[in-house]
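If you want my numbering, it's the position in the sequence shown, counting the first as 1, plus 757.
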Amino acid sequence: MTARIYRPARTAMQSGTAKTERWLLEYEPEQPRQIEPLMGWTSSGDMKSQVKLWFDSEAEAVTYATRNGIPFRVEQPQEPLRRTVAYSDNFKFSRRGQWTH
């Protein structure tokens with residue numbers, strides 16, 4: 758069973774970078790989820806899908822997986838493009854569009 762090592766992206770409700778600095782080791786599912794006919798709940802017999810291990814760095818996660826003989830793949834995070842924008846840019850003379858109320 759292959760493990761996936763990645764740094765989770767921030768949630769849609771999050772504007773800052775909190776809880777995005779740690780790395781996560783998660784197992785990929787061996788079996789697809791099934792819908793239970795009686796209650797309609799989604800279930801799986803795969804117990805390793807419940808395991809999530811957090812690490813402070815990518816190197817720690819790779820070391821742990823290597824030491825325990827876990828095959829893994831590392832996914833590098835895609836950093837967001839941050840633009841610095843000032844409020845005064847709305848009133849610049851060289852602004853592309855007209856500024857109106």
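The beta-carbon is built from N, C-alpha and C at its ideal position, and this holds for glycine as well.
First and last residue of the uninterrupted beta strand (DSSP E) at residue i
i, result
"Tyr-763", "760-763"
"Glu-793", "Note, Glu-793: premise wrong, no beta strand (DSSP E); not H, not E."
"Tyr-784", "780-784"
"Val-808", "Here Val-808 belongs to no beta strand (DSSP E), and DSSP marks it neither H nor E."
"Phe-829", "829-831"
Buried versus exposed call for residue i [16 or more other C-beta atoms within 10 Å across all chains shown]
i, result
"Leu-782", "buried"
"Trp-780", "buried"
"Pro-792", "Note on residue identity: the sequence assigns Ile, not Pro, to residue 792. Exposed."
Residue i versus the options, residue with shortest Cα-Cα distance
i, options, result
"Phe-829", "Glu-778, Gly-802 and Glu-785", "Glu-785"
"Pro-837", "Pro-765, Arg-790 and Arg-761", "Pro-765"
"Ser-801", "Lys-809, Pro-789 and Val-808", "Pro-789"
"Ala-816", "Asp-846, Val-808, Gln-833 and Glu-787", "Gln-833"
"Trp-806", "Glu-778, Glu-787 and Asn-847", "With the sequence shown as reference, residue 806 is identified as Ser, and Trp is not the correct amino acid for it. The candidate whose alpha carbon is nearest that of Ser-806 is Glu-787."
Residue i - containing alpha helix (DSSP H), residue span
i, result
"Glu-863", "The question about residue 863 has no answer here: the residues shown for the chain are numbered 758 through 858."
CA-to-CA distance, residue j to residue i, given in whole angstroms
i, j, result
"Arg-767", "Ala-822", "24 Å"
"Met-770", "Arg-852", "31 Å"
"Gly-773", "Leu-795", "42 Å"
"Lys-776", "Trp-811", "11 Å"
"Thr-759", "Arg-839", "33 Å"
"Ala-843", "Tyr-763", "33 Å"
"Thr-841", "Gln-835", "19 Å"
"Val-831", "Gly-797", "35 Å"
"Gly-864", "Ser-845", "One cannot answer for residue 864 here, as it falls past the ends of the chain, which runs 758 to 858."
"Arg-824", "Arg-761", "15 Å"
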